[in-house]
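Reviewing the structure listed below.
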Amino acid sequence: MHSIFWFRTRQWVLSRVLHLTEHKKQTLLAAPDAVLLLPALFRKRRISRILLVTTPGFVRRGTLTSLLDGCKKENISVTIFSEIAPDPQIESVEQGFRLYQQIQAQAILAIGGGSVLDAAKLIGARVCCPKKTVPAMRGLLKVRRKLPPLFAVPTTAGTGSETTAAAVITDCIDGKPYKYAVNDLCLIPDTAVLDPRLTISLPSSMTADTGMDALTHAMEAFLNLFASRSVQNASIEAVCENFHALPEVWRDGTHLAARQEMLHASYLAGFAFTNNFVGYVHAIAHAVGALYHIPHGRANAVLLPAVLREYGSCIAPKLAVLADALSLGGDTVSEKAERMIAAIEAMRDSFDIPSTLPHLSPNDYTEIARRALKEANPTYPVPQIWDSEKIFSVLRRVQS
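Taken in order, the sequence shown gives residues 3 to 402; the numbers are from this note's numbering.
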């Protein structure tokens with residue numbers, strides 16, 4: 003009881019701070035080919051040397067040719083750093099940091115999925131805090147300095163990293179891979195570019211995984227305690243856009259309007275969880291993702307319904323609100339809540355995403371629970387404060 007009181011007090015104080023701290027004003031460019039507007043924006047801001055953080059695939063496919071040509075016409079020097087792998091590790095951040103210093107860059111442009119955007123944020127954090135290591139930034143508000151100008155261009159609709167104050171990194175602790183987050187409002191990029199053409203090449207499986215990640219962001223931010231009106235509204239809109247657009251882009255990846263809608267849904271969900279955190283779905287997903295190398299969005303898709311069912315009746319009224327927003331029907335609160343969970347499961351199943359996690363071993367339950375509880379408690383204002391047994395129950399629900 004004492005721990006729960008302390009957790010809730012801390013969460014309430016954090017919520018007040020976030021509500022009083024204005025979300026960083028961003029420049030938002032959202033349209034097909036919006037990325038081609040960046041060279042003129044760089045010139046306007048008198049930026050002439052840029053570190054471009056991306057993946058080898060984007061360089062190899064020539065996707066960035068038009069952008070690079072535009073920068074050349076504006077006499078803007080662009081140095082490409084493409085040593086970013088899924089689940090980026092600290093060494094990649096350090097390499098990018100050293101290159102930034104070497105070329106005396108003035109800004110960072112990140113084009114890629116969540117891994118690229120998160121790595122770029124941490125490169126920026128190292129630039130402004132050169133004497134502080136990434137592990138020393140772990141947790142809340144450990145950066146606290148203005149980053150160099152950061153332009154974030156997501157190529158997936160899911161992480162919302164282009165508008166969040168978080169960056170997830172993979173480290174090796176006691177010989178085991180370990181994911182953790184650096185959270186600081188100064189990590190929110192200055193400019194976000196939502197260009198649907200950059201997401202067209204995303205395979206249907208990754209489209210579904212990242213879309214379910216965005217849905218989980220919106221759901222957890224909405225269900226958490228202390229959500230402000232702006233968080234609630236953004237979450238509801240993101241959930242509705244996700245249910246409308248994600249099946250469409252899964253069927254037809256070239257559907258530009260639906261791709262744009264998914265980018266917007268991800269952006270709104272990112273705003274929501276930046277201001278009200280995520281919950282046990284993400285905490286467990288980070289743990290199993292690090293141990294079993296399961297893509298983050300896929301882990302969320304499997305875990306989300308299981309966690310919602312484990313919460314039980316305490317979240318039924320809020321699930322009913324979402325069910326009403328989606329016109330799912332139902333006469334009672336409990337019936338609407340069940341229809342909401344069933345709708346998530348049905349959409350997940352339609353994407354051929356399994357309802358269980360492969361290779362999940364009961365031998366790892368204790369370690370998964372330890373990591374998940376360490377991440378979530380006492381910071382995340384989750385609907386219920388859980389112990390290890392509740393985590394075990396969720397894991398049994400998704401055991402193959």
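Note that the Cβ used here is the ideal one computed from N, Cα and C, for glycine as well. Keep in mind that this is a model prediction, so the values were computed, not measured.
Could you pull out every residue in the same chain whose Cβ sits closer than 6 Å to the Cβ of Met214, ignoring the five residues on either side in sequence?
Counting only Cβ-Cβ distances below 6 Å, and skipping sequence neighbours, we find Gly299, Asn302, Ala303.
Please report the residue range of the beta strand (DSSP E) in which Ala183 lies.
Run containing Ala183: 178 to 185, per the beta strand (DSSP E) assignment.
State the start and end residues of the unbroken beta strand (DSSP E) segment that holds Leu152.
Leu152 -> beta strand (DSSP E) spans 152 to 156.
Can you give the beta carbon distance from Val283 to Leu306, rounded, assuming they're within the 8 Å contact cut?
Yes, they are in contact, since the Cβ atoms of Val283 and Leu306 sit about 5 Å apart, within 8 Å.
Going by DSSP in three states, Gly314 sits in which element: helix, strand or coil?
Gly314: helix per DSSP, three-state reduction.
Suppose contacts are defined by Cβ-Cβ distances below 8 Å. Is Gly115 in contact with Leu53 by that definition?
No, these two residues do not count as a Cβ contact at 8 Å.
Mapping the DSSP letters down to three states, classify Gly141 as helix, strand or coil.
Three-state DSSP puts Gly141 in a strand.
With DSSP collapsed to three states, give me the class of Phe273.
Helix, per DSSP.
Is DSSP giving Cys188 helix, strand or coil here?
Helix, per DSSP.
With three or more beta-carbon pairs closer than 8 Å as the criterion, would you say the stretch 380 to 388 touches the stretch 224 to 232?
Yes, the stretch 380 to 388 touches the stretch 224 to 232.
Report the option in Ile113, Gln401, Arg147, Phe279 whose CA atom is closest to the CA atom of Val129.
Of the candidates Ile113, Gln401, Arg147, Phe279, the one whose C-alpha sits nearest the C-alpha of Val129 is Arg147.
Give the secondary structure of Gly281 by DSSP, where H, G and I count as helix, E and B as strand, and everything else as coil.
Coil, per DSSP.
Does DSSP put Ala287 in a helix, a strand or coil?
Ala287 falls in the helix class under three-state DSSP.
Is the separation between the beta-carbon of Pro156 and that of Ala109 shorter than 8 Å?
Contact flag unset, no.
Taking the alpha-carbon of Gly160 as reference, which of Asn365, Gly272, Gly59 has the nearest alpha-carbon?
It is Gly272 whose Cα lies nearest to the Cα of Gly160.
Does the separation of the CB atoms of Phe275 and Ala327 fall below 8 Å?
No. Outside cutoff.
Mind checking who Leu54 pairs with in its DSSP beta bridge?
In the DSSP output, where bridge partners are listed per residue, Leu54 has Ile82, Leu111.
Three or more C-beta pairs closer than 8 Å, one from the stretch 258 to 266 and one from the stretch 340 to 360: is that the case here?
No, they do not touch.
My parser needs the beta strand (DSSP E) runs of 3 or more residues fully inside the stretch 333 to 395; what are they?
Counting whole runs of 3 or more residues, the stretch 333 to 395 contains no beta strand (DSSP E) stretch at all.
On a Cα-Cα basis, can you pick out the residue from Cys131, Gly126, Val241, Thr209 that is closest to Pro191?
With distances taken between Cα atoms, Pro191 lies closest to Gly126.
Let's see if you can read the secondary structure: which residues bound the beta strand (DSSP E) around Asp404?
Residue numbering for the chain in the displayed model covers 3 to 402; residue 404 lies beyond these limits and cannot be assessed.
If you follow the beta strand (DSSP E) that Thr424 is part of, which residue opens it and which one closes it?
In this structure the chain extends from 3 to 402, so residue 424 is not present and cannot be described.
Check whether the stretch 390 to 398 and the stretch 355 to 375 touch, using three or more Cβ-Cβ pairs below 8 Å as the test.
Flag = yes, the stretch 390 to 398 and the stretch 355 to 375 touch.
What is the DSSP secondary structure of Leu196, counted as helix, strand or coil?
Residue state, collapsed to three classes: strand.
How big is the Cα-Cα spacing for Glu239 and His257?
Glu239 and His257: Cα-Cα distance of roughly 20 Å.
Per DSSP, what kind of secondary structure is Gln91 in: helix, strand or coil?
Gln91 falls in the strand class under three-state DSSP.
Where Ser207 and Trp252 are concerned, what is the direct C-alpha to C-alpha distance, given to the nearest angstrom?
Between Ser207 and Trp252, the C-alpha separation is close to 8 Å.
Who does Gln401 pair with in a DSSP beta bridge?
Leu359.
Between Arg350 and Ile286, what straight-line distance do the alpha-carbon atoms span, to the nearest angstrom?
Arg350 and Ile286: Cα-Cα distance of roughly 18 Å.
Quick one: grab the DSSP three-state call for Ala223.
Ala223: helix per DSSP, three-state reduction.
Between Val170, Thr165, Ser5, Gln234, which has its C-alpha nearest Pro90's C-alpha?
Cα-wise, what sits closest to Pro90 is Val170.
Are three or more beta carbon pairs between the stretch 68 to 82 and the stretch 129 to 141 nearer than 8 Å?
As far as the Cβ criterion goes, the stretch 68 to 82 does not touch the stretch 129 to 141, which means the pair count is below three.
Suppose you measure from the CA of Ala33 to the CA of Thr193; what does that come to, to the nearest Å?
In a straight line, the C-alpha of Ala33 is about 14 Å away from that of Thr193.
For the alpha helix (DSSP H) containing Phe44, name the first residue and the last one.
Start and end: 40 to 46.
Take Ile86 as the anchor and find which of Gly314, Ala183, Thr172, Ser352 has the nearest alpha-carbon.
Closest option to Ile86, Cα to Cα, is Thr172.
Could you tell me the alpha carbon to alpha carbon distance between Cys242 and His361, rounded to whole angstroms?
Rounded to whole angstroms, Cys242 to His361 spans 33 Å at the Cα level.
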